[in-house]
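S.K.:
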Amino acid sequence: MTSSKTEQNEAYDPRLDQNYQNALKAIKHLEDAGYKARMAGGCVRDRLIGRRPKDYDIATNAKPDDVCTIFKQKNIKTIPTGIDHGTITVLFGGQPVEVTSLRVDVATDGRRAVVAFGESFEEDSLRRDFTINALYEDISGTIYDYHNGQSDLKNQTLRFVGDAETRIREDYLRILRLFRFWARFGFQPAPGTLEAIALEVQGLRKISSERITSELLQTLESDRYQDVIASLINTKTLDVIFETENFPRPSEVALILNRKTEAAIARLAQLFWDLPNSQVKQKAIQRRRLSRIQQDKLTALFEEPLPAVSTDPGEVFEWLDRVEAKLGEGIWTDLLYPAWTLLRPDPRLQSLDETIRTHSLRRLCPIDGQYLIQNLSLAQGPELGALISDIKRGYRRGQWKTNEEALAFARERLKPKA
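This note's numbering puts the first residue of the sequence shown at 35, with every later residue one more than the last.
(1) Let's see if you can read the secondary structure: which residues bound the beta strand (DSSP E) around R72?
(2) Can V124 and F151 be called in contact, C-beta distance under 8 Å?
(3) Out of G362, L354, D424, state which residue places its alpha-carbon closest to the alpha-carbon of L448.
(4) Between G84 and Y54, how many whole angstroms is the CB-CB distance? I'm expecting something under 8 Å.
(5) Does the Cβ-Cβ distance between W216 and P225 come in under 8 Å?
(6) Using the C-alpha atoms, what's the distance from R378 back to A303?
(7) I'd like the span of the alpha helix (DSSP H) that includes T103, first residue to last.
(8) First and last residue of the alpha helix (DSSP H) that includes Y178?
(9) In the DSSP output, what is Y405 paired with across the bridge?
(10) Run the CB neighbour count on A300, radius 10 Å, all protein chains shown included, and call it buried at 16 or more, exposed below.
(11) Please state if the CB of R427 and the CB of E358 are separated by a distance shorter than 8 Å.
(12) Would you call S256 buried or exposed, if buried means 16 or more other Cβ atoms sit within 10 Å of its Cβ?
(13) Does the contact criterion of 3 or more C-beta pairs under 8 Å hold for the segment 179-189 versus the segment 128-141?
(14) How would you write the range of the alpha helix (DSSP H) that D47 sits in, first residue to last?
(15) Closer than 8 Å is the cut-off here; do at least three beta carbon pairs connect the segment 329-346 with the segment 280-293?
(16) Judging by CA-CA distance, which residue of K360, Y180, E234 is the nearest neighbour of E204?
(17) Within its chain, find whatever has a CB closer than 8 Å to the CB of R146; leave out the 5 residues flanking it on each side and keep chain order.
(18) What three-state label does DSSP hand E363 in the structure shown?
(19) So what does DSSP say about R427, is it helix, strand or coil?
(20) From the DSSP output, in three-state form, read off L421 for me.
(21) The beta strand (DSSP E) with F194 in it runs from where to where?
(22) State the start and end residues of the unbroken alpha helix (DSSP H) segment that holds Q329.
(23) Buried or exposed, going by whether 16 or more other CB atoms sit within 10 Å of the CB of I290?
(24) Counting only the same chain and skipping the five closest in sequence on each side, list residues whose C-beta sits under 8 Å from that of K294.
(25) Please state the DSSP three-state secondary structure of V124.
(26) Are there three or more Cβ pairs, one per stretch, closer than 8 Å when the segment 127-134 is compared with the segment 85-98?
(27) List the residues that DSSP assigns as beta-bridge partners of V138.
(28) Out of curiosity, what's the CA-to-CA distance linking P381 and S312?
(29) For the alpha helix (DSSP H) containing D91, list its first residue and its last residue.
(30) Give me the DSSP bridge partner(s) of Q222.
(31) Taking 7 Å as the cut-off, is the CB of L377 close to at least one heavy atom of the ligand COA?
(32) So, do the segment 110-123 and the segment 67-74 have three or more beta carbon pairs nearer to each other than 8 Å?
(33) Whole angstroms is fine: what's the gap from T103's alpha carbon to I319's?
(34) Quick check on D172: does DSSP put it in helix, strand or coil?
(35) Since S243 contacts R321 with CB under 8 Å, what's their CB separation in whole angstroms?
(36) Who does P132 pair with in a DSSP beta bridge?
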């Protein structure tokens, strides 16, 4: 084991990190009660490379019931988040710090582990996935490194703790975690790592679709996602995930979108794009247990027909209204236009985008149902709904501009048809 003091990047100032201060408070309360406690895992890793951790995890030799008692005596709220696995959430002013008892694996089946509570930080480190995540830091800033994780951080290397195949067989989801960390940090797998994944990849069939999908989408959210695609294919990981054979290699052109959630969907579509046919695509989508809106967005990227080229912006906005009603506001700018520009090149795309941007204010009709009810003595019902649709359509087509013109337009529509 090696130990050292934390060296902070100038971009990260722990004095301004309230969550870090809360973690120190949690450690002090545990130590004051006679227990050992250290920050553990990703929060230590992130601090060492100058990133502000999203959250903090504390490892302690106190048992879960003892943790609850200690903080209850300090009038600090605790939540038994995962008490069976040793995890208690401690709330400091509503901000969570996860406190987990030291553990050793008693048995594993490739999906989950049966654990026993332990006393040794080094034994606890043996059940962690990668060396860069098997780091601990005490209240004084001393780092405890049992597997040369700091060296791997410095060399930007992803290395399993101990034997790679053994770590993978304990939890096959670690295969996808490696690709996620690779895409997130840009670190390279240690020699032999991808070969171990290729040998054990069939074990992913034991993992639930929901857990696989979560890891895959997080990988695709990263702007470095293309760094890992070839290896996802070469190790047969995508074949196993999507139950295909010889998964096609997608375009090497990067799909860059502003919103991470939409980027993940667009990049998933990019992966699916060269699957043989629509039926195979739909089966792949269904296997991943995506949410309904995620499925709808993927299907739209594949199948949604573009409206005909028209000089009438009203027709374009009628199409956009229908699409947004199903997929959400802003879907053209956030997903469809940037994704289709690469995946479905079409000369109509630029014209549509120009129409939508140029005439966007015209889309915001200033007349609503309440205005019509007050000024035309109308009642709620299907007739009013149809009239509002006509008025919006007329506004977008430039058939009226002022409120007075809108009322005249409405009265004309309400006249009995001869």
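Glycine is no exception: its CB is placed at the ideal position from the N, C-alpha and C atoms.
M.R.: So, from the data block:
(1) By 1-based counting over the sequence shown, the position of residue 72 is 38. That run of the beta strand (DSSP E) goes 71-74.
(2) Your numbering for residue 124 matches position 90 in the sequence shown. Your numbering for residue 151 matches position 117 in the sequence shown. No.
(3) Stepping through the sequence shown from its first residue, residue 448 is reached at position 414. Comparing Cα positions, the closest option is D424.
(4) Here the question's residue 84 lines up with position 50 in the sequence shown. Here the question's residue 54 lines up with position 20 in the sequence shown. With a Cβ gap of about 13 Å, G84 and Y54 do not count as contacting.
(5) Stepping through the sequence shown from its first residue, residue 216 is reached at position 182. Stepping through the sequence shown from its first residue, residue 225 is reached at position 191. Contact flag unset, no.
(6) The residue you call residue 303 lines up with position 269 of the sequence shown. The residue you call residue 378 lines up with position 344 of the sequence shown. Distance between the alpha carbons of A303 and R378 is about 11 Å.
(7) Taking the first residue of the sequence shown as 1, we reach residue 103 at position 69. Per DSSP, T103 belongs to the alpha helix (DSSP H) from 98-107.
(8) Numbered from its first residue, the sequence shown carries residue 178 at position 144. From DSSP, Y178 is part of no alpha helix (DSSP H) but of the beta strand (DSSP E) over 176-179.
(9) Residue mapping note: residue 405 aligns to position 371 of the sequence shown, counting from 1. Note: Y405 sits in no beta bridge, so no partner.
(10) Numbered from its first residue, the sequence shown carries residue 300 at position 266. By the 10 Å Cβ count, A300 comes out buried.
(11) The count along the sequence shown starts at 1 and reaches residue 358 at position 324. The count along the sequence shown starts at 1 and reaches residue 427 at position 393. For E358 and R427, no; Cβs fall outside 8 Å.
(12) Looking up residue 256 in the sequence shown gives position 222. With 16 or more Cβ atoms within 10 Å of its Cβ, S256 is classed as buried.
(13) no
(14) Locating residue 47 in the sequence shown gives position 13, counting from the first residue. Per DSSP, D47 belongs to no alpha helix (DSSP H) and is neither H nor E.
(15) no
(16) Position 170 of the sequence shown, counted from the first residue, corresponds to residue 204. With distances taken between Cα atoms, E204 lies closest to E234.
(17) Counting from one through the sequence shown, the residue named residue 146 turns up at place 112. Once the five neighbours on either side are set aside, the close Cβ partners of R146 are D205.
(18) What you label residue 363 is simply residue 329 of the sequence shown in a count that begins at 1. In the structure shown, E363 sits in coil (DSSP, three-state: anything other than H, G, I, E or B).
(19) On the sequence shown, residue 427 is found 393 positions in, with the first residue counted as 1. R427 falls in the helix class under three-state DSSP.
(20) The count along the sequence shown starts at 1 and reaches residue 421 at position 387. Here L421 sits in helix by DSSP.
(21) As a position in the sequence shown, residue 194 is number 160, starting the count at 1. Where F194 is concerned, there is no enclosing beta strand (DSSP E), given that its DSSP letter is neither H nor E.
(22) Here residue 329 refers to the residue found at position 295 when the sequence shown is read from its first residue. Here the alpha helix (DSSP H) through Q329 covers 326-337.
(23) Here residue 290 is taken as the residue at index 256 of the sequence shown, counted from 1. Its Cβ having fewer than 16 others within 10 Å, I290 is exposed.
(24) Sequence index remark: in the sequence shown, residue 294 carries index 260 (1-based). The answer, listed in chain order, is E255.
(25) What you label residue 124 is simply residue 90 of the sequence shown in a count that begins at 1. V124 falls in the strand class under three-state DSSP.
(26) yes
(27) The residue given as residue 138 occupies position 104 in the sequence shown. Paired residue(s): A150.
(28) Within the sequence shown, the letter at position 347 stands for residue 381. Within the sequence shown, the letter at position 278 stands for residue 312. If I take the Cα positions, the gap works out to 23 Å.
(29) In the sequence shown, residue 91 corresponds to position 57, counting from 1. D91 -> not in any alpha helix (DSSP H); beta strand (DSSP E) instead, spanning 91-94.
(30) Locating residue 222 in the sequence shown gives position 188, counting from the first residue. Answer is T191, bridged to Q222.
(31) No copy of the ligand COA occurs in the structure displayed, which carries no ligand at all.
(32) no
(33) Within the sequence shown, residue 103 is the residue found at index 69, counting from 1. Within the sequence shown, residue 319 is the residue found at index 285, counting from 1. So the alpha carbons of these two residues sit roughly 47 Å apart.
(34) Position 138 of the sequence shown holds residue 172. In the structure shown, D172 sits in coil (DSSP, three-state: anything other than H, G, I, E or B).
(35) Walking along the sequence shown from the start, residue 243 turns up at place 209. Walking along the sequence shown from the start, residue 321 turns up at place 287. With a Cβ gap of about 7 Å, S243 and R321 count as contacting.
(36) On the sequence shown, position 98 is the one that residue 132 refers to. Position check: residue 132 holds Glu in this sequence, whereas Pro was assumed. DSSP, once it has assigned bridges, lists D91, T123 as partnering E132.
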